[in-house]
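Chemist: Just so we're aligned, residue 1 is where the sequence shown starts under this note's numbering, counting upward by one.
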Amino acid sequence: MDMDKLVSLCKRRGFLFQSSEIYGGLNGFWDYGPLGVELKRNVKESWWRDMVTAHDELATMPGAPEPYEMTGLDCTIIMHPQVWKCSGHYDLFHDFMVDCRESKKRYRHDQVRGRWVEAKGRRVFIATQVGGEEGLAETEQRALKLFNLRGKDVDKLAWQGDLVSLTTVSDFTDVLGPDAKETGSLTPPREFNLMFKTYVGALSGEEGAAFLRPETAQGIFVNFKNVCDSTRVKIPFGIAQMGKSFRNEITPRNFTFRSREFEQMEIEFFCNPKSSPEWYKYWRDRRYRWYLELGLAGDRLRLRDHDQDELSHYSCGTADIEYAFPFLPPGEFGELEGIAHRGDFDLRSHMEGKLVRQGNDLVPELDADGKPRHRGSGKDLSYFDDMTRERYIPHVIEPSAGADRATLAFLCEAYQEDQVPDEKGQPRERVFLRLHPRLAPIKAAVFPLVKRDGMPELAQKIYRDLKQHYNVFYDEKSSIGKRYARQDETGTPFCITVDGDTLTDGTVTIRERDTLKQWRVSADRCVEEIRTLLRGATA
Ligand code: GAP
1 MDMDKLVSLC KRRGFLFQSS EIYGGLNGFW DYGPLGVELK RNVKESWWRD
51 MVTAHDELAT MPGAPEPYEM TGLDCTIIMH PQVWKCSGHY DLFHDFMVDC
101 RESKKRYRHD QVRGRWVEAK GRRVFIATQV GGEEGLAETE QRALKLFNLR
151 GKDVDKLAWQ GDLVSLTTVS DFTDVLGPDA KETGSLTPPR EFNLMFKTYV
201 GALSGEEGAA FLRPETAQGI FVNFKNVCDS TRVKIPFGIA QMGKSFRNEI
251 TPRNFTFRSR EFEQMEIEFF CNPKSSPEWY KYWRDRRYRW YLELGLAGDR
301 LRLRDHDQDE LSHYSCGTAD IEYAFPFLPP GEFGELEGIA HRGDFDLRSH
351 MEGKLVRQGN DLVPELDADG KPRHRGSGKD LSYFDDMTRE RYIPHVIEPS
401 AGADRATLAF LCEAYQEDQV PDEKGQPRER VFLRLHPRLA PIKAAVFPLV
451 KRDGMPELAQ KIYRDLKQHY NVFYDEKSSI GKRYARQDET GTPFCITVDG
501 DTLTDGTVTI RERDTLKQWR VSADRCVEEI RTLLRGATA
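(1) Which of the three DSSP states is assigned to L433 in this structure?
(2) When you compare each of V431, I510, Q160 and T532 to K482 by their alpha carbons, which one comes out closest?
(3) Give the straight-line distance between the Cα atoms of H80 and V227, rounded to the nearest whole angstrom.
(4) Measure the CB-CB distance between T71 and T216 and report whether it falls below 8 Å.
(5) For the stretch 319-330 against the stretch 459-468, are there 3 or more C-beta pairs whose distance is under 8 Å?
(6) Under the three-state reduction of DSSP, which class applies to H55: helix, strand or coil?
(7) Between D99 and the ligand GAP, is there a pair consisting of the residue's CB and a ligand heavy atom that are separated by less than 7 Å?
(8) Taking D4 as part of the alpha helix (DSSP H), name the residues at either end of that continuous run.
(9) Here's the rule I'm using: 16 or more other beta-carbon atoms within 10 Å means buried, otherwise exposed. How should R113 be labelled?
(10) Just to confirm my understanding: we take R258, look at its own chain, exclude 5 residues before and 5 after, and list those with CB closer than 6 Å. What are they?
(11) When the Cα atoms are used, what is the spatial distance from D174 to E38?
(12) Going by C-alpha to C-alpha distance, which of S245, Q160 and T167 sits closest to M195?
(13) Roughly how many angstroms lie between the CA atoms of F345 and L355, to the nearest whole one?
(14) Our contact map puts H350 next to G376 with C-beta atoms below 8 Å; I'd like the distance itself, whole angstroms only.
(15) If we ignore side chains and look at the alpha-carbon of each, how far apart do V222 and N254 end up?
(16) Using only alpha-carbon positions, find the residue among A240, F147, A137 and K105 that is nearest to G121.
(17) Helix, strand or coil for F269 per DSSP?
(18) How many angstroms separate the CA atom of S315 from the CA atom of G338?
(19) Counting along the chain, where does the alpha helix (DSSP H) carrying I235 start and finish?
(20) What's the gap between the Cα of C10 and the Cα of E352?
(21) Rounded to a whole number of angstroms, what is the C-alpha to C-alpha distance between A485 and H306?
(22) For Q264 versus A403, is the C-beta spacing smaller than 8 Å?
(23) Counting C-beta neighbours from all protein chains within 10 Å, is the total for T167 16 or more, i.e. buried, or is it exposed?
Below you can see the structure in the form of structure tokens.
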């Protein structure tokens, strides 16, 4: 699938716009248009419903060790600055950036790759931001140019190995930056904290400094005690939250995939340390299934367990759910969601202060005077199980998803092209979004075949009846073929047409988006029919 075609459809049909576009846009910020807002709301509502409100607390879910409870929260974006000091974000939530003195461009150190080449007695690292075949082709062209060689002299380039990360290169003197013409223009990597800083109240100095949250998770940890004290939840239980997060990404790119303002859908699941490995496995599989159920294809979706050396120091397991986004080189996948076993790291950090690893233990990090570097709340966040009479600090399993990345993946997966017969039976190119009906922004469109003979009145009645239950659309402008085409591009699963037969036998035509199948039902049964069709699609 050609990503440019999807980007153009998103703009043309009002799914996504660049933020502040009339002022030239702002890199890393995106606005959802009239159709996009419905699609993203449906993604978020499906997540909330499937994970929280429709969760059956009495049953043992397939693969789960026992029944569990789910509840929700909606915390503030700006929180006490100490939250980020204890969580580790203040000290550790950074990327390394590299600047090019020649092109004035900025790169994320770990996203630049390249390969070593020798020619004319010189050895140079040709850097690029692209991977795979494209990266190989680009580095070859740039090497020819740098060494002043022609295409036919390509054999004079002696390549040493494949594309490797710039992080493997310690001295940049012989590095040709991704957009540079001469070597040695890249600066050494510099640390850059990704949290957006702001000031609370009238104090503009460090006293008033605060941060826009880079994840929704911490709001859940700091409210753990409030939730336990104010509800009757018992471990095992999960707290879900969705909302905006902010990261000052060095290189936002790939449409909404890496944005600076985005929405997360996170669950912190609290359990007894003894059963946490089983719960980790349950959540990892449950979350993978959720994407499959909503239409992401098996071969473009994968569940990847992190290698032991990729794991955070406190984690005994992490897996990523990844999707083969079309903007990535073939064979590469992008993260949709991470599922992490976080042990008791988070609750202990907010009790005792920022933790560091010492041997096999996690201990509060101390400053030069032997005092905690970042003091915790001092509140007791342990849990007492009155059935087993045990007290422990719960372990946490964290399925952390991005609403914008999920929305983008659903859009990429849905984009389809085929040929359909037009009104004269001639083949016509068709673009359609094969969105799962639960996610489709509009569930059904209602058309009168022509604007006379009482057809608009009949169609409007059906529209109004359906509107009480679903987001439906009424359209009487242009030819019926054009109206179908517009709804196909919108991803509307069903179209209902009032025609001449409706006036005599009271039936309407229902057309299905993916199969183009058409059948007639009684006009008074439209609500029931659409309900059955949508239910069938959900089952
Ligand atoms: N609490 C854990 C956490 O935040 P993460 O892997 O940094 O983990 C979780 O983020 C999810 O949030 C990612 O899998 C992704 O879907 C989404 N996400 C993270 N950074 C993003 C960005 N810059 N733009 C869009 N989505 C992002």
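Yeah, the Cβ is synthetic: ideal placement off N, Cα and C, and Gly gets one too.
Modeler: Result, derived from the coordinates:
(1) strand
(2) V431
(3) 18 Å
(4) no
(5) The answer is no - the stretch 459-468 does not touch the stretch 319-330, with fewer than three Cβ pairs under 8 Å.
(6) DSSP places H55 in coil when its eight states are reduced to three.
(7) no
(8) M3 to R12
(9) buried
(10) Same-chain partners within the cutoff: E249 and P252.
(11) 51 Å
(12) S245
(13) 8 Å
(14) The pair is a contact, with the Cβ atoms about 6 Å apart (cut-off 8 Å).
(15) Rounded to whole angstroms, V222 and N254 show a C-alpha spacing of 33 Å.
(16) F147
(17) strand
(18) 13 Å
(19) It is not in any alpha helix (DSSP H) - I235 carries neither H nor E in the DSSP assignment.
(20) C-alpha of C10 to C-alpha of E352: approximately 48 Å in a straight line.
(21) Distance from the CA of A485 to the CA of H306, rounded to the nearest whole angstrom, comes to 44 Å.
(22) yes
(23) exposed
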